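K.L.:
In the working numbering, the protein residues as written are 1 to 147. Positions of the beta carbon are idealized from the N, C-alpha and C atoms, including for glycine. Bear in mind the structure is a predicted one, so any value in this text is a computation, not a measurement. Supplied in structure tokens, the structure appears directly below.
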């Protein structure tokens, strides 16, 4: 009976860990796909502020989300690896702020200053909504770490 209870507790922890990692991963994956689209449409250099940063920043953000969750799971204690993963946790935070600011709000501002287009409206709303979703889910992970 205790082995079964211990196994179910480990399964519950694994599910919780998968949920923590998976929630910010989905919006980040959407940004990587959008970034790949932008790079294939415009090339690497012409779309540098947008497409390339979305692809590279999204991949690096995914890596640091996983490292951050792993550092939470190891429990309290001081080590260089934990400190590096916690500072690396700023990468998904800054990436989501970039997406909200540049992709989301920047695209919406261009609707007024440059000209209206449905694709610009879709990109702006996509960036603002999913950027906020990434920021909120990563914030939830950090709050769970404090608890």
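Drop a sphere of 10 angstroms on the beta-carbon of residue 8, count the other beta-carbons inside from all chains shown, and report buried for 16 or more, exposed for fewer.
P.N.:
If you number the chain shown from 1, residue 8 lands on position 8. So residue 8 counts as exposed.
K.L.:
Report yes if the C-beta distance between residue 32 and residue 55 is below 8 Å; otherwise report no.
P.N.:
Looking up residue 32 in the chain shown gives position 32. Looking up residue 55 in the chain shown gives position 55. Yes, these two residues count as a Cβ contact at 8 Å.
K.L.:
Given a threshold of 16 other Cβ atoms within 10 Å of its Cβ, counted over all protein chains shown, does residue 53 qualify as buried or as exposed?
P.N.:
Position 53 of the chain shown holds residue 53. With 16 or more other Cβ atoms within 10 Å, it is buried.
K.L.:
Whole angstroms are fine: how far does the CA of residue 64 sit from the CA of residue 88?
P.N.:
Locating residue 88 in the chain shown gives position 88, where the first residue counts as 1. Locating residue 64 in the chain shown gives position 64, where the first residue counts as 1. Those two C-alpha atoms are separated by around 6 Å.
K.L.:
Within the chosen definition, does the region 71-86 reach the region 119-131 through at least 3 CB pairs nearer than 8 Å?
P.N.:
These segments do not touch.
K.L.:
Could you tell me the distance, in whole angstroms, from the CA atom of residue 44 to the CA atom of residue 37?
P.N.:
The residue labelled residue 44 in the question sits at position 44 within the chain shown. The residue labelled residue 37 in the question sits at position 37 within the chain shown. Answer to the nearest angstrom: the Cα atoms are 11 Å apart.
K.L.:
Could you check the C-alpha separation between residue 22 and residue 75 for me, to the nearest Å?
P.N.:
As a position in the chain shown, residue 22 is number 22, starting the count at 1. As a position in the chain shown, residue 75 is number 75, starting the count at 1. When rounded, the distance between both Cα atoms is 20 Å.
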